[in-house]
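Structure, as structure tokens:
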Amino acid sequence: MKTRMKQAVSMLLAAGVGFAASGAAYSAESLQDVMKRRNLSQQDLLAAAKTYVPTGKRDEFVVFSSGGQSGQVIVYGIPSMRILKYIGVFTPEPWQGYGFDANSKAVLDQGKIDGKEITWGDTHHPAISETDGKYDGQFLFINDKANPRLAVIDLRDFETKQIVVNPIYKSEHGGAFVTPNTEYVIEAAQYASPLANKKFEPLEEFNEKYRGGVTYWKFDRKEGRLDPKQSFSLELPPYSQDLSDAGKGPSNGWSFTNSFCTERYVGGIEKGRPPYEAGCSAKDTDYLHVVNWKKAAELVAAGKAKKINGHNVLPMEVSIKEGILFLVPEPKSPHGVDVTPDGKFITVSGKLDTHVSVYSFEKIQAAIQAGKFESKDPYGIPVIGMKDALHAQVQLGLGPLHTQYDAKQCVAYTSLYVDSQVVKWNYCEGKVLDKISVHYNIGHLMAMEGDSVDPKGRYLVALNKLAIDRFVPVGPLHPQNHQLIDISNDKMQLLYDMPLPLGEPHYAVAIEASKLKPGVRYKVGTDSRTDKPHPGMVRAGEERTEKKGNKITVYGTLIRSHITPETIEADVGDEVTVHLTNLERAQDETHGFTVSTYNVHASVEPGKTVTVKFKADKEGVYPYYCTEFCSALHLEMQGYLLVKPKGWKPTKTAGAEKAVYSEDDYKKQLKKVADTQAVIDQVVGYITSVNFKDFPDVVAMVDDATDQLNKIKDAKQKHEEAAKKKDWNQATLWAEQVWQYQVKAADLGLRAKTYLEQNGAKKVK
Ligand code: CUK
Ligand code: CUA
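The sequence shown runs -27 to -1, 1 to 738 under mature numbering (1 follows the signal peptide of the UniProt record, and there is no 0).
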């Protein structure tokens, strides 16, 4: 019995079914030795101890960073700064099949503009959905500045579900920013243009015909989608609207959008006019737009909006008359606008000013109530005097850009682009507390949940624009550099440089990891892009291929290590649709699917159903296979697409191979099967002797293993019948198939056993 068991175990090992091996002993090196050898200081060791996340342990915070020009989102952990995922958003992402399977293509297609496919995006500002002003970890939104679009990512599966195109802008920047209960996602235009689609207006009529705006996208949380019908915009003057932020607490219901180039300057060095940069920074001040969005929504509901390109737009006259739009001067060429966690103040940074300006919401409201305005802008919008709205101005340094908040009362951090520094300061008292140098030229900065009502403090990330000499050189295009800073003490401490090799991330948001509750599998047959049952799903045994005219539809399944069907036959010119359901329940058992040269790929996670579509327009033989190393026999997870030329007829009957296996071979197979069954019995014995039902991951593995074992009956019957007929070929191969099912079951069983042992399973009875 013992040796039989050993043999079976070694056979399983040969089939790639692994056991954990224990590590070998190595000679010890002391901490001092390592410090000397690697030339590390005490400070380095402290930083390492603060950021190192030991193997098997997890990060405390999860960051969603814009992927800049990649059009993606980058997900990484804090404090380790380890990258966890890239999420395909506005651009195809091959690994996830995003843009290579029909279901995700449908999402990307929502981002077409005027019918044109746009396969790049410039993502800037991610925002996590909020409940009562706190991050709730349910959804993520991000904008595309280049092509005015906004995307919705569901954090249950980290997949992009929806892309909306702004119906009236040609670019946008001040998004995505959410209102405290994610009623709306705010998106502001950047470069003014005529609002009506495809309307040409000469630049000479810039002041009259060009417009800016701010859009409020209604979010339907139940559906997890933006609702264009319930969304609306405010028409605004052609001031280049920049960033936005939503009010909270006392300022809930209001939003703030700043602007630059309120000079409304049109450059044109070719025509002898000074350039934009000169004309757009001539005045000392620009305007903060103050909007009562709650009242705006009521006005839209009351029919006060007009339709432009089918979209609700509140004309400026209406906003002025109804008292929902005001301007406040802000110092020269401002950039960030950031509402404090208590919602009482609004911090604005002027790129060309050394100060940040802290506006008081209370004072702004008092001026509005009293009708105390210093002037009107050329469009008739009331302007509140700067000194009537200011709480404080604090001199911080050169090129202040963005501000984030600490868990500590009144403490804020502002990035200084020109000085390449982060300043820690007190916005209540208006004084500087500390400064730290970063490398180099910081844009945004981000504290943990640092733009919510409940910042967590602890860490800050500097999103630097230049890396210059920080990393091993990789050519003229350098990686980006995210620097992790410890903000838990009075003095800030630089902990870590993280090269980011994917686009220029502008902004990032970080959430406590414990607030995220993503699933590990889909309900069987789910279309992950619509969250609805996929019409092409089938269960095991229901697989089929239908042909109607020149349309072939395959209803297939994937399970270790088998693609059903194994052959797809088409006539040249046929339209082929392949629906694939991953029948696995164990987590991380993803299969991929591709067909040689047809430019399709699907990532099929457990439970998911995905469709790939293509036209079989080239006669020939095209292997298809699983693209994820999913099991010992992953390489054998294959099949053929046969594209037959017009009028092709078979000349030889299939299945006429000559005998290659003997009765002896068959008997050897039977012995292997019996030995392996002994291992399975032993593993099953262990699993059922403990409280495995208390471990959902194990239950899923046991379910999958049972599925595999259930298939044995049929294969066994086949090999026994063949043996009766002395067809040793069929008998041996079907017996081998029994063993294949056993191997897959044993693989799962052993993984389940290891899991139970490592997670403290208890003996029952
Ligand atoms: S922006 Cu890039 S550094 Cu798009 Cu928020 Cu300021
Ligand atoms: Cu499935 Cu490899």
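C-beta atoms are modelled at their ideal positions from N, C-alpha and C, and glycine is treated no differently. All of these numbers come straight from a predicted model, not from anything done at the bench.
{"Query": "Quick check on this structure: which residue in K684, N116, E103, Q214 has the alpha carbon closest to the alpha carbon of Y43?", "Result": "In the sequence on display, residue 43 carries Ser and not Tyr. Of K684, N116, E103, Q214, the residue nearest in Cα terms is N116."}
{"Query": "Flag this pair as yes or no: are the beta carbons of K221 and V549 separated by less than 8 Å?", "Result": "no"}
{"Query": "Please indicate yes or no: does the CB of R184 lie closer than 7 Å to some heavy atom of the ligand CUA?", "Result": "no"}
{"Query": "Look up W227 in the DSSP assignment and give the residues it is bridged to.", "Result": "N265"}
{"Query": "Report yes if the CB atom of N399 is closer than 8 Å to the CB atom of V384, and no otherwise.", "Result": "yes"}
{"Query": "In terms of residues, what are the limits of the alpha helix (DSSP H) holding Q342?", "Result": "334 to 343"}
{"Query": "Assign K698 to one of two classes, buried (16 or more other C-beta atoms within 10 Å of its C-beta) or exposed (fewer than that).", "Result": "exposed"}
{"Query": "Would Y386 and A365 qualify as a contact pair, given that the criterion is a beta-carbon distance under 8 Å?", "Result": "no"}
{"Query": "Cβ of M533 within 7 Å of any heavy atom in the ligand CUA?", "Result": "Sequence inspection shows Arg at residue 533; the Met mentioned does not correspond to that position. Result yes, Cβ under 7 Å from the ligand CUA."}
{"Query": "CA-CA distance, R533 and V138?", "Result": "40 Å"}
{"Query": "Output the distance between the C-alpha atoms of M674 and T705, rounded to the nearest integer angstrom.", "Result": "29 Å"}
{"Query": "Run through the segment 313 to 396 for me and flag every whole beta strand (DSSP E) of 3 or more residues, listed as ranges in chain order.", "Result": "318 to 323, 328 to 333, 363 to 368, 373 to 378, 384 to 389"}
{"Query": "To the nearest angstrom, how far is the alpha carbon of D677 from that of E609?", "Result": "19 Å"}
{"Query": "Quick check on this structure: which residue in T727, Q642, A651 has the alpha carbon closest to the alpha carbon of E709?", "Result": "Q642"}
{"Query": "Take N231 as the anchor and find which of P449, L615, V312, S166 has the nearest alpha-carbon.", "Result": "V312"}
{"Query": "Take P99 as the anchor and find which of P351, P538, H417, S330 has the nearest alpha-carbon.", "Result": "H417"}
{"Query": "Under a three-way DSSP split, which group does L180 fall into?", "Result": "Correcting the residue type first, residue 180 is Asn in the shown sequence and not Leu. N180 falls in the helix class under three-state DSSP."}
{"Query": "For C234, is the beta carbon positioned less than 7 Å from some heavy atom of the ligand CUA?", "Result": "no"}
{"Query": "Identify whether H607 lies in helix, strand or coil by the three-state DSSP scheme.", "Result": "helix"}
{"Query": "In or out: V577 buried (at least 16 other Cβ within 10 Å) or exposed?", "Result": "buried"}
{"Query": "What are the start and end residues of the beta strand (DSSP E) that includes H552?", "Result": "547 to 555"}
{"Query": "Does the ligand COA have a heavy atom nearer than 7 Å to the CB of E578?", "Result": "This structure does not include the ligand COA; its bound ligands are the ligand CUK and the ligand CUA."}
{"Query": "The beta strand (DSSP E) spanning A543 covers which residue range?", "Result": "540 to 544"}
{"Query": "By Cβ distance below 8 Å, which residues in the same chain neighbour F131 in space, the five residues on each side in sequence not counted?", "Result": "V48, K58, I60, P491"}
{"Query": "Measure the alpha-carbon distance for S(-6) versus Q731 and round it to whole angstroms.", "Result": "Low confidence applies to S(-6): its pLDDT is 48, below 50, so where it sits in the model is not reliable enough to give any reading."}
{"Query": "Pull up the DSSP beta-bridge partners for N154, would you.", "Result": "In DSSP, N154 forms no bridge with anything."}
{"Query": "Taking 8 Å as the threshold, find out whether the segment 639 to 655 comes into contact with the segment 492 to 507 through three or more Cβ pairs.", "Result": "no"}
{"Query": "Between which two residues does the beta strand (DSSP E) carrying T24 extend?", "Result": "No beta strand (DSSP E) contains T24, which is instead part of the alpha helix (DSSP H) from 15 to 24."}
{"Query": "Which residue's Cα is closest to the Cα of N437: D407, P474, P167?", "Result": "P474"}
{"Query": "Does the Cβ of P314 have 16 or more other Cβ atoms within 10 Å, making it buried, or fewer, making it exposed?", "Result": "buried"}
{"Query": "Would you call residue 746 buried or exposed, if buried means 16 or more other Cβ atoms sit within 10 Å of its Cβ?", "Result": "A question about residue 746 goes unanswered here, because the residues of the chain that appear run from -27 up to 738."}
{"Query": "Roughly how many angstroms separate the alpha carbons of P153 and W190, rounded to a whole number?", "Result": "14 Å"}
{"Query": "Got a sec: does the ligand CUA put a non-hydrogen atom nearer than 7 Å to the Cβ of H574?", "Result": "no"}
{"Query": "Along the chain, which unbroken stretches of the alpha helix (DSSP H) at least 4 residues long are found entirely within the segment 85 to 123?", "Result": "none"}
{"Query": "What would DSSP say about S77, mapped onto helix, strand or coil?", "Result": "helix"}
{"Query": "DSSP puts D589 in a beta bridge; with which residues?", "Result": "Note that residue 589 corresponds to Ala in the displayed sequence, not to Asp. In DSSP, A589 forms a bridge with D547."}
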